[in-house]
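Okay, so here's the structure we're looking at.
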Amino acid sequence: EGAGGREKARIVVVPTAMGEPRSSRGDHGRMFRLLGVKDVSVLHVPFGKEVDTARNLAMVRRATGVWFTGGRQWRLVDSYMDTRVAELMHGVLKRGGAIGGSSAGATIQGEYLVRGNPLGNTDMMAMGYERGLGFLKGFAIDQHFSQRKRFGDMTRVKQRYPQLLCVGIDERTAMVVKGGTFKVVGKGSVFVFDGKERPRDGAGEGEGYRRVKSGGEYEFVK
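Counting in the working numbering, the sequence shown runs from 76 upward without gaps.
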């Protein structure tokens with residue numbers, strides 16, 4: 076809907092987080108084509124390759140939506156951070172389009188990047204990999220949240236950086252952001268560490284966060 080609907084959407088799929096062996100095969104636009112989107116392109120730039128080519132710039136410049144696949148978020152940092160392509164992705168939002176992603180593709184959208192360490196995904200804060208692409212200013216985003224019991228991990232981030240709005244998204248769940256509000260859709264919940272409750276080490280249910288269930292909304296700017 077935000078990208079223009081099946082007939083008008085021009086979607087760019089970015090599978091770079093998956094890495095070269097997997098991203099070099101398969102139809103990464105298949106999900107959108109099955110939904111009836113007719114105009115789907117794939118943008119994959121491995122680390123060390125030229126990002127800001129005329130083809131890539133033109134692809135993103137005309138896009139109404141961008142989708143980041145899962146994988147490892149550090150690959151997205153290495154390939155796209157501080158590029159003209161990333162700047163044009165911000166332009167998609169400015170002209171009313173939509174940006175989305177799954178797993179690592181959700182995390183990269185925050186201003187602060189968690190689990191960015193190229194040596195493993197257990198470190199929440201890794202020097203040199205603490206910047207996301209920043210489509211959501213002031214956010215740190217984690218995923219697979221309840222399923223992998225990541226409450227304590229995000230508590231530590233909130234303690235280190237209390238100015239951040241830290242959110243954890245369950246599997247089979249989406250956080251749909253419009254303006255200063257997000258709505259939760261899907262099977263699970265989104266957990267918000269907003270400082271209204273004091274977080275503690277090893278936080279569990281109800282400690283240091285609020286739970287927004289499917290169908291619920293949260294006014295994060297307010």
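For each residue, glycine too, the CB sits at the ideal point set by N, CA and C.
Fair warning: this is a prediction, and the values are worked out from it, not measured in the lab.
Within a Cβ cutoff of 6 Å, which residues of the same chain sit near residue i, ignoring the five residues on either side of it in sequence?
i: residue 98; result: Any reading at residue 98 must be qualified, since the residue scores a pLDDT of 42, below 50, and its modelled position is unreliable; no value is offered.
i: residue 175; result: 142
i: residue 79; result: 139
Please determine whether the Cβ atom of residue i lies at a distance below 6 Å from any heavy atom of the ligand PLP.
i: residue 204; result: As for the ligand PLP, it is missing from this structure, which has no ligand bound.
Taking Cβ positions, are residue i and residue j nearer each other than 7 Å?
i: residue 158; j: residue 84; result: no
i: residue 284; j: residue 266; result: yes
i: residue 187; j: residue 151; result: no
i: residue 149; j: residue 185; result: no
i: residue 106; j: residue 144; result: no
i: residue 241; j: residue 215; result: yes
i: residue 77; j: residue 179; result: no
i: residue 112; j: residue 81; result: yes
i: residue 199; j: residue 228; result: yes
What are the boundary residues of the alpha helix (DSSP H) that residue i is part of?
i: residue 231; result: 226-235
i: residue 151; result: 148-155
i: residue 210; result: Looking at the DSSP string, residue 210 is not in any alpha helix (DSSP H), and its letter there is neither H nor E.
i: residue 182; result: 179-182
i: residue 138; result: It is not in any alpha helix (DSSP H) - residue 138 carries neither H nor E in the DSSP assignment.
i: residue 163; result: 159-169
i: residue 83; result: 80-83
i: residue 106; result: 105-109
i: residue 95; result: 95-98
Taking the alpha-carbon positions, what's the residue i to residue j distance?
i: residue 217; j: residue 294; result: 19 Å
i: residue 127; j: residue 160; result: 6 Å
i: residue 165; j: residue 271; result: 30 Å
i: residue 255; j: residue 248; result: 19 Å
i: residue 282; j: residue 181; result: 24 Å
i: residue 193; j: residue 121; result: 14 Å
i: residue 86; j: residue 134; result: 9 Å
i: residue 170; j: residue 220; result: 31 Å
Could you check where the beta strand (DSSP E) with residue i kicks off and where it finishes?
i: residue 286; result: 285-288
i: residue 186; result: 185-187
Can you check DSSP and say which residues form a bridge with residue i?
i: residue 262; result: Per DSSP, none; premise fails for residue 262.
i: residue 114; result: 85
i: residue 250; result: 259
For residue i, which residues from the same chain have a beta carbon less than 8 Å from its beta carbon, with the 5 sequence-adjacent residues on both sides left out?
i: residue 167; result: 135, 138, 139, 140, 141, 173 and 174
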